[in-house]
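First residue of the sequence shown: 46, per the numbering used here; consecutive thereafter. Glycine included, each C-beta is placed from N, C-alpha and C at the ideal position. The structure appears below as structure tokens.
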Amino acid sequence: MLKCKRRNQRQRKKRKLKDGQGDFAMDWAGLPRDILVMIFEKLSLVDCMSVDSVCKQWSNILAELPNWKRGGFPWLLMSGQKDREMRTCASVLDNQSWEMELLEAYGAYVWGSFQDWLILVKDLGCYSLEVSLLNPFSTKRINLPNLWNFYHKMALSGSPAEENTICAAIHSQNREIAFWIQGSKVWHKYRLEGTPFEDAIFCSGSLFLLCNDGNIFQFDATSIVSNIREDENATSISEIKAQFHEVRSLEINSQHVLKYLVDSSGEVLLVCRYYSEKPDAIRETINFEIYSLDLGQMSWEKVDYLDDRILFLGKCCSRSLSSSELGIGISNRIYFSNDDVAPWWNEWDSNHLKGLSSFFGLDNSSRKDWGAFHIDSDMNGNFCFRGNRDNWAPTWFTAPLWWYSKNIARQTNRYRYRYRHNL
């Protein structure tokens with residue numbers, strides 16, 4: 046009797062829909078797979094997270110798309126926590142922080158990152174470092190040969206999971222680069238002539254080194270790999286395809302400036318961060334300027350507007366993301382960490398910072414570990430960011446979209462929501 050009643054109800058509903066009466070209910074999950082793929086590929090990352098929670102079929106289709114595997118959100122990993130199993134992570138875009146379990150990184154400093162991979166180092170003493178690459182989301186780890194501790198940055202040409210990805214350790218004052226690729230048992234050193242350099246990035250198949258005077262060295266990545274493959278046991282290399290570009294100098298009238306190179310969708314950007322020159326203004330940032338490298342004109346061209354780009358600056362790693370691809374209403378902005386003006390220091394050299402404020406009787410209570418700068422000068426007024434004097438700067442990395450959706454958006458036990466605060 047009950048089955049008969051339900052059947053009659055379904056038949057009446059179908060007749061109403063056929064006659065144009067009643068509410069029309071579309072079975073969205075029943076759309077052809079090809080149509081869903083076309084729609085999902087055009088969605089922002091925020092919209093993809095909403096789609097992932099609709100139904101299992103849509104979630105399975107998303108999981109096969111490149112954007113779902115490669116996309117992600119910028120996070121900061123706080124410093125000073127090498128001897129903790131739980132590390133503090135912060136999202137500056139949605140004003141949240143979490144405690145994230147990182148057992149694999151216990152006892153290690155975070156030296157930088159490439160997307161969702163962390164560069165870890167353990168100070169072994171006697172000027173030696175144990176270096177490894179860790180993906181905390183897949184828990185995959187790659188151990189590199191030990192390295193001298195005087196290098197101040199490591200740049201990666203791509204994901205460590207990809208073949209022929211180059212790791213380049215940079216020593217500014219000695220003008221030395223140490224290269225490593227998968228399969229190598231040693232670091233391969235290369236020396237340069239000229240002035241010291243301040244930063245380095247891989248962009249569009251080349252390694253770019255920024256000299257103190259604004260000039261550029263450019264190395265072909267393919268040439269680096271082929272020379273190392275010829276003799277993987279050699280500790281030095283000499284035949285690399287390199288170019289020196291004498292770029293029209295910048296008009297920088299301050300000694301208190303930190304320079305960052307950023308890959309912005311294949312464009313090399315130079316960001317100058319100006320610090321206050323007052324003797325007691327430790328880690329106070331007062332302005333930013335952005336330039337684009339024009340190799341055709343051999344000049345640095347001033348950039349006054351970033352369109353929909355957002356820059357995330359850090360001494361050990363910087364990146365550029367699209368606000369429309371992320372799906373957020375923020376653009377033309379710089380987020381930056383609490384970097385020291387000296388580019389060659391590392392966290393394992395920063396013990397002198399601890400207790401610095403109290404030693405000099407300075408108030409550190411209102412100081413921050415990161416900040417934001419609007420490119421539109423009318424919004425900044427008398428801009429001044431007062432950085433935390435006692436802590437080393439946090440490190441940018443990427444929380445993958447697939448992981449963020451399943452662990453943070455849904456709040457599991459392992460990745461615990463810690464607190465909400467205003468920036």
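Practice task
Sort Leu122, Phe85, Asp92 and Val99 by Cα distance to Asn436 and report the nearest one.
Solution key: Closest in alpha carbon position to Asn436, among Leu122, Phe85, Asp92 and Val99, is Leu122.
Exercise for the section: Could you name the residues of the same chain whose beta carbon sits closer than 7 Å to that of Ser95, not counting the 5 residues immediately before and after it, in chain order? Expected result: Leaving aside the five residues that flank Ser95 on each side, none in its chain has a CB nearer than 7 Å to its CB.
Exercise for the section: Below 6 Å CB to CB, which residues in the same chain sit around Asp139 once its five sequence neighbours on both sides are set aside? Expected result: Nothing listed; no residue qualifies.
Practice task
Reducing DSSP to helix, strand and coil, say where Trp345 ends up.
Solution key: Strand at Trp345.
Handout entry: At least 3 beta-carbon pairs within less than 8 Å: the segment 185-195 vs the segment 241-248
Key = Not touching, per the Cβ criterion.
Problem - Residues that Cys361 bridges to, as DSSP identifies them - result: In the DSSP output, where bridge partners are listed per residue, Cys361 has none listed.
Practice task
Have a look at Asp339 and Glu149 and give me their C-alpha separation to the nearest angstrom.
Solution key: Their backbone Cα atoms lie some 42 Å apart in a straight line.
Practice task
Taking only heavy atoms of the ligand PLP into account, decide whether any of them is closer than 7 Å to the Cβ of Glu392.
Solution key: Looking for the ligand PLP in the displayed structure turns up nothing, as the structure carries no ligands at all.
Exercise for the section: Return the CA-CA distance between His290 and Trp103, expressed in angstroms with no decimal places. Expected result: Each residue's CA atom was taken as its position, placing His290 and Trp103 some 50 Å apart.
Problem - Per DSSP, the bridge partner or partners of Thr440 - result: According to DSSP, Thr440 bridges with Leu122.
Handout entry: Leu88 versus Leu446, Ile379, Lys451 and Val137, residue with shortest Cα-Cα distance
Key = Here the closest residue by C-alpha is Leu446.
Exercise for the section: Mark Pro324 as exposed unless 16 or more other C-beta atoms lie within 10 angstroms of its C-beta, in which case mark it buried. Expected result: Flag for Pro324 reads exposed.
Handout entry: Three-state class that DSSP yields for Ser268 in the structure shown
Key = Here DSSP, grouped into helix, strand and coil, assigns Ser268 to helix.
Handout entry: Lys451 versus Thr184 - alpha carbon distance
Key = Each residue's alpha carbon lies about 16 Å from the other.
Handout entry: Selection from Gln126, Met145, Val155 and Met83 that minimises the alpha carbon distance to Ile453
Key = When Gln126, Met145, Val155 and Met83 are compared, the shortest CA-CA separation from Ile453 is found for Met145.
Practice task
Would you check if the distance between the CB atom of Leu147 and the CB atom of Pro111 is smaller than 8 Å?
Solution key: In this structure, Pro111 does not lie closer than 8 Å to Leu147 by Cβ.
Handout entry: Selection from Phe357, Gly374 and Val386 that minimises the alpha carbon distance to Phe442
Key = Of the candidates Phe357, Gly374 and Val386, the one whose C-alpha sits nearest the C-alpha of Phe442 is Phe357.
Problem - Simplified DSSP assignment, three categories, for Trp448 - result: Reduced to three states, the DSSP call for Trp448 is helix.
Practice task
Could you tell me which residues DSSP puts in a beta bridge with Glu277?
Solution key: DSSP lists no beta-bridge partner residue for Glu277.
Exercise for the section: Would you mind working out which of Tyr380, Leu174 and Glu346 sits nearest Lys360, comparing C-alpha positions? Expected result: Per the C-alpha coordinates, the member of Tyr380, Leu174 and Glu346 positioned closest to Lys360 is Tyr380.
Practice task
Tell me whether the beta-carbon of Ile226 lies closer than 8 Å to the beta-carbon of Ile261.
Solution key: With contacts defined by Cβ atoms closer than 8 Å, Ile226 and Ile261 do not form a contacting pair.
Practice task
Take every Cβ of the segment 224-238, pair it with every Cβ of the segment 206-214, and state whether three or more of those distances are shorter than 8 Å.
Solution key: Taking a cut-off of 8 Å for Cβ pairs, the segment 224-238 and the segment 206-214 touch, as three or more such pairs fall below it.
Exercise for the section: Within the same chain, show all residues whose beta-carbon is closer than 8 Å to that of Glu370, passing over the 5 residues directly before and after it, in chain order. Expected result: Only Ser89, Leu90 and Gly116 meet the Cβ criterion.
Practice task
Measure the C-alpha to C-alpha separation of Arg318 and Glu334 and round it to an integer number of angstroms.
Solution key: Arg318 and Glu334 have their C-alpha atoms spaced approximately 7 Å apart.
Exercise for the section: Give the secondary structure of Gln102 by DSSP, where H, G and I count as helix, E and B as strand, and everything else as coil. Expected result: Of the three classes helix, strand and coil, the one that applies to Gln102 here is helix, per DSSP.
Exercise for the section: Please check the pair Leu255 and Leu306, which I expect to be a contact at CB under 8 Å, by giving their CB distance rounded to whole angstroms. Expected result: 5 Å between Cβ atoms; contact.
Problem - Distance between beta carbons of Leu351 and Ile420, contact taken as under 8 Å - result: Ile420 to Leu351, Cβ: 6 Å. Contact.
Handout entry: 8 Å contact criterion, which Lys413 and Asn427 should meet: CB distance rounded
Key = The pair is not a contact, with the Cβ atoms about 17 Å apart (cut-off 8 Å).
Exercise for the section: Within the segment 148-213, note down every full beta strand (DSSP E) run reaching 3 residues or more, in order along the chain. Expected result: Listed in chain order, the complete beta strand (DSSP E) runs (minimum 3 residues) inside the segment 148-213 are 154-159, 162-170, 173-180, 185-188 and 198-201.
Exercise for the section: Can you give me the Cβ contacts of Gly374 inside the same chain, cut-off strictly under 8 Å, excluding the 5 residues immediately before and after it? Expected result: Counting only Cβ-Cβ distances below 8 Å, and skipping sequence neighbours, we find Ser368.
Problem - DSSP three-state assignment for Gly372, whether helix, strand or coil - result: In this structure, Gly372 counts as coil in the three-state DSSP scheme.
Problem - According to DSSP, residues forming a beta bridge with Tyr350 - result: For Tyr350, DSSP records no beta bridge to any residue.
Exercise for the section: Below 7 Å CB to CB, which residues in the same chain sit around Trp448 once its five sequence neighbours on both sides are set aside? Expected result: Contacts found: Phe182.
Practice task
Could you pull out every residue in the same chain whose Cβ sits closer than 7 Å to the Cβ of Val270, ignoring the five residues on either side in sequence?
Solution key: Take Val270, set aside five residues on each side of it, and the residues of its chain with a beta-carbon closer than 7 Å to its own are Asn209, Ile211 and Ile226, in chain order.
Exercise for the section: Would you please state the rounded distance, in angstroms, between the beta carbons of Ser376 and Asp353? I believe it to be under 8 Å. Expected result: The pair is a contact, with the Cβ atoms about 5 Å apart (cut-off 8 Å).
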